[in-house]
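Engineer: Those letters in the sequence shown? Residues 66 to 374, per the working numbering, in order. For glycine and all other residues, C-beta sits at the position ideal for the given N, C-alpha and C. Let me give you the structure first, and then I'll get to my questions.
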Amino acid sequence: MAADDATGGKAERGTRDPARGARQRERGFALSDRPDFAGAPWQAVRWRRFGPSRKVPTMLSREERRLYWWLTGVWAKGRGAAVDLGCFVGGSTARLAQGAAHAGHGRTVHAFDRFTADDRAKAAVLYPAGIAPFAGDDLLPLARTLLAPWADRVVLHPGPIEETGWTGEPIEVLAIDAAKTAATADAIARDFFPHLVSGGSVVVQQDFLHDAQPWIAVQMERLARHFEPVAFVPRDSVVFLTRSAPTRADIAAAPVAGLDDAALAHWLGRAEERFAPLGLGPRIRALAAALDRAPGARAAWRFRTARTG
Ligand SMILES: C[S@@+](CC[C@H](N)C(=O)[O-])C[C@H]1O[C@@H](n2cnc3c(N)ncnc32)[C@H](O)[C@@H]1O
66 MAADDATGGK AERGTRDPAR GARQRERGFA LSDRPDFAGA PWQAVRWRRF
116 GPSRKVPTML SREERRLYWW LTGVWAKGRG AAVDLGCFVG GSTARLAQGA
166 AHAGHGRTVH AFDRFTADDR AKAAVLYPAG IAPFAGDDLL PLARTLLAPW
216 ADRVVLHPGP IEETGWTGEP IEVLAIDAAK TAATADAIAR DFFPHLVSGG
266 SVVVQQDFLH DAQPWIAVQM ERLARHFEPV AFVPRDSVVF LTRSAPTRAD
316 IAAAPVAGLD DAALAHWLGR AEERFAPLGL GPRIRALAAA LDRAPGARAA
366 WRFRTARTG
């Protein structure tokens, strides 16, 4: 299916208006001139394409929601499963599943999470989205209810991702929003990256530019020969095309959890060199600056503490 089919034939074209060009860049941009990503075609996805997925609360930005739908709805060819690591109550899963339903290939969306939330997270994300207040920290019943429209294509995997593991099926779309510690990032690479499809799958690192998780940029830099950056989608997502699926040995040789601050800074310097020509140099520098402010931190919450003092 062509991108225009998904967008009602109204994909945005190039513009000579500089203000409009700047607005388009604020919405993200392609990092590669590969035909399937050039021109940021996901930006033109119309909201009506989202169907019932619009009702599922999500922490994704509006541009990320478009990206997720577009990846399964237009870009994917049914070469493997879609995997959503860190789905919360299923907002990202619902957009992936709705896209897959639109594309018509029968691939399953596998959603992983602990499916727990404290009162603060419930009050910040769920209640403002219209979910009635509820007791306890278990999100699994709510996620099942919200994802009922896609029950035939969604499989939930409750528990710590480090322990749940993967079936071994090929993965075409891997969306990662759970690499909140360096150790989890290593476990995700170990269990999921070897099952990517060489030349035919994408990894969405949803926190790649988040200044509380600098190990993600380091991980992708250490594995750079396997992954080509193809898209930047605000707030912090970078999408990578899998050139070649890393083997278990490749991954074992590129851990991030054991690196000291100097080694992380070294790899962030290499990432900055690679991403500066793509327009993301300042964002990578911000990751290095965050690390300076939180020496030794290898968990996202520790960066938040460093910010607030
Ligand atoms: C930012 S939220 C994800 C938001 C979600 N993608 C959406 O669309 O709203 C991150 C999620 O990752 C989950 N998570 C973080 N670390 C995890 C781990 N080690 N194992 C399982 N889930 C984890 C959290 O429970 C949380 O729901």
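(1) Leaving out five residues on either side along the sequence, give the residues of the same chain with a beta carbon under 8 Å from the beta carbon of A243.
(2) Could you tell me the distance, in whole angstroms, from the CA atom of D202 to the CA atom of A182?
(3) Using DSSP with H/G/I as helix, E/B as strand and the rest coil, what is I196?
(4) Just checking, does the stretch 206-221 make contact with the stretch 152-162 on the three C-beta pairs under 8 Å criterion?
(5) Looking at the structure shown, is T232 part of a helix, part of a strand, or coil, going by DSSP?
(6) Among the residues of its own chain, which have a CB less than 6 Å from the CB of S118, if the five just before and after it don't count?
(7) Quick one, are the C-beta atoms of Q284 and I241 less than 7 Å apart?
(8) Go ahead and pull the three-state DSSP assignment for V139.
(9) How many angstroms separate the CA atom of T246 from the CA atom of T370?
(10) Are the stretch 135-144 and the stretch 262-282 in contact at 8 Å, needing three or more beta carbon pairs?
(11) Look up V283 in the DSSP assignment and say whether it is helix, strand or coil.
(12) Here's the rule: buried if 16 or more other CB atoms are within 10 angstroms of the residue's CB, otherwise exposed. What is P376?
(13) For D326, which residues in the same chain have their Cβ closer than 8 Å to its Cβ, ignoring the five residues on either side in sequence?
(14) If you measure from the CB of K245, is any heavy atom of ligand 1 nearer than 6 Å?
(15) Count the other CB atoms within 10 Å of the CB of R78; is the residue buried (16 or more) or exposed (fewer)?
(16) Under the rule that 16 or more other beta-carbon atoms within 10 Å means buried, what is W280, buried or exposed?
(17) Please state whether DSSP places A147 in a helix, a strand or coil.
(18) Per the DSSP calculation, S302 is bridged to which residue(s)?
(19) Is S157 near ligand 1, judged by its Cβ being under 6 Å from some heavy atom?
(20) Write down the C-beta distance between L125 and A296 rounded to the nearest angstrom, noting that I regard them as a contact closer than 8 Å.
(21) Measure the C-alpha to C-alpha separation of P347 and F305 and round it to an integer number of angstroms.
(22) By how many angstroms is the C-alpha of A103 removed from the C-alpha of R130?
(23) Tell me the rounded alpha-carbon separation between G224 and F180.
(24) Could you check whether V220 and T173 sit closer than 7 Å to each other, using their CB atoms as the reference points?
(25) Considering only residues of the same chain and omitting the five flanking positions on each side of P320, which have a CB-CB separation below 7 Å?
(26) Determine, using beta carbons only, whether G156 and P122 come nearer to each other than 7 Å.
(27) For L205, collect the residues of the same chain with a Cβ closer than 8 Å to its Cβ; drop the 5 residues on either side in sequence, then sort them by chain order.
(28) Using three-state DSSP, classify T370 as helix, strand or coil.
(29) Below 6 Å, is the gap between the Cβ of G233 and the nearest heavy atom of ligand 1?
(30) Would the beta-carbon of I226 be found less than 6 Å away from any heavy atom of ligand 1?
(31) For chain C, check one thing: does any of its Cβ atoms lie closer than 7 Å to the Cβ of D315?
(32) Please list the terminal residues of the continuous alpha helix (DSSP H) segment that includes H331.
(33) For L207, which residues in the same chain have their Cβ closer than 6 Å to its Cβ, ignoring the five residues on either side in sequence?
Structural biologist: Checking against the coordinates, here is how it stands:
(1) Taking the sequence shown and counting its residues from 1, the one referred to as residue 243 is at position 178. These residues qualify, in order along the chain: L150, G151, F177, D178, I226, T249 and I253.
(2) In the sequence shown, residue 202 corresponds to position 137, counting from 1. In the sequence shown, residue 182 corresponds to position 117, counting from 1. In a straight line, the C-alpha of D202 is about 5 Å away from that of A182.
(3) Walking along the sequence shown from the start, residue 196 turns up at place 131. Here I196 sits in coil by DSSP.
(4) Put simply, the stretch 206-221 touches the stretch 152-162. At least three CB pairs are less than 8 Å apart.
(5) Taking the first residue of the sequence shown as 1, we reach residue 232 at position 167. DSSP places T232 in coil when its eight states are reduced to three.
(6) Residue numbering aside, residue 118 sits at position 53 when the sequence shown is read from its first letter. Closer than 6 Å at the Cβ level, and outside the excluded window around S118, lie A159, R160 and Q163.
(7) Taking the first residue of the sequence shown as position 1, residue 284 is located at position 219. Taking the first residue of the sequence shown as position 1, residue 241 is located at position 176. Their beta carbons are not under 7 Å apart, which means Q284 does not touch I241 by this criterion.
(8) As a position in the sequence shown, residue 139 is number 74, starting the count at 1. Of the three classes helix, strand and coil, the one that applies to V139 here is helix, per DSSP.
(9) Walking along the sequence shown from the start, residue 246 turns up at place 181. Walking along the sequence shown from the start, residue 370 turns up at place 305. If you take the alpha carbons of T246 and T370, they lie about 15 Å apart.
(10) Taking 8 Å as the limit for Cβ pairs, the verdict is that the stretch 262-282 does touch the stretch 135-144.
(11) To locate residue 283, count along the sequence shown from 1; it is residue 218. It is helical.
(12) Since the first and last residues shown for the chain are 66 and 374, residue 376 lies out of range.
(13) The count along the sequence shown starts at 1 and reaches residue 326 at position 261. Result list for D326: L356, P360 and G361, in chain order.
(14) As a first step, residue 245 is located in the sequence shown; it is residue number 180 there, counting from the start. Yes, the Cβ of K245 comes within 6 Å of a heavy atom of ligand 1.
(15) Locating residue 78 in the sequence shown gives position 13, counting from the first residue. Low confidence applies here, because R78 scores a pLDDT of 39, under 50, leaving its location unreliable and the question unanswered by this model.
(16) In the sequence shown, residue 280 corresponds to position 215, counting from 1. With 16 or more other Cβ atoms within 10 Å, it is buried.
(17) Here residue 147 refers to the residue found at position 82 of the sequence shown. If DSSP states are grouped into helix, strand and coil, A147 belongs with the strands.
(18) The residue you call residue 302 lines up with position 237 of the sequence shown. Within the DSSP bridge table, the entry for S302 names V298 as partners.
(19) One-based indexing of the sequence shown puts residue 157 at position 92. For ligand 1, at least one heavy atom lies less than 6 Å from the Cβ of S157.
(20) In the sequence shown, the residue the question calls residue 125 occupies position 60. In the sequence shown, the residue the question calls residue 296 occupies position 231. 14 Å between Cβ atoms; not a contact.
(21) Your numbering for residue 347 matches position 282 in the sequence shown. Your numbering for residue 305 matches position 240 in the sequence shown. Approximately 19 Å between the Cα atoms of the pair.
(22) Reading the sequence shown from its first residue, position 65 is the one you call residue 130. Reading the sequence shown from its first residue, position 38 is the one you call residue 103. Distance between the alpha carbons of R130 and A103: 18 Å.
(23) For the purposes of this step, residue 224 is identified with residue 159 of the sequence shown, where counting begins at 1. For the purposes of this step, residue 180 is identified with residue 115 of the sequence shown, where counting begins at 1. Rounded to the nearest angstrom, the two C-alpha atoms are 7 Å apart.
(24) Numbered from 1 along the sequence shown, position 108 holds the residue referred to as residue 173. Numbered from 1 along the sequence shown, position 155 holds the residue referred to as residue 220. Their beta carbons are under 7 Å apart, which means T173 touches V220 by this criterion.
(25) Counting from 1 along the sequence shown, the entry for residue 320 is found at position 255. So the list reads D251, once near-sequence residues are dropped.
(26) Within the sequence shown, residue 156 is the residue found at index 91, counting from 1. Within the sequence shown, residue 122 is the residue found at index 57, counting from 1. In this structure, P122 lies closer than 7 Å to G156 by Cβ.
(27) Here residue 205 refers to the residue found at position 140 when the sequence shown is read from its first residue. Excluding sequence neighbours, L205 sits near F180, L221 and P223.
(28) Position 305 of the sequence shown, counted from the start, is the residue given in the question as residue 370. Helix.
(29) Sequence index remark: in the sequence shown, residue 233 carries index 168 (1-based). No, since every heavy atom of ligand 1 falls outside the 6 Å radius drawn around the Cβ of G233.
(30) In the sequence shown, residue 226 corresponds to position 161, counting from 1. The answer is yes for I226.
(31) Going by chain labels, chain C is absent from the structure shown, which holds only one protein chain.
(32) Against the sequence shown, residue 331 aligns to sequence position 266. Its alpha helix (DSSP H) spans residues D326 to F340.
(33) In the sequence shown, counting from the first residue as 1, residue 207 sits at position 142. For L207, where only same-chain residues beyond five positions count, the Cβ hits under 6 Å are V154.
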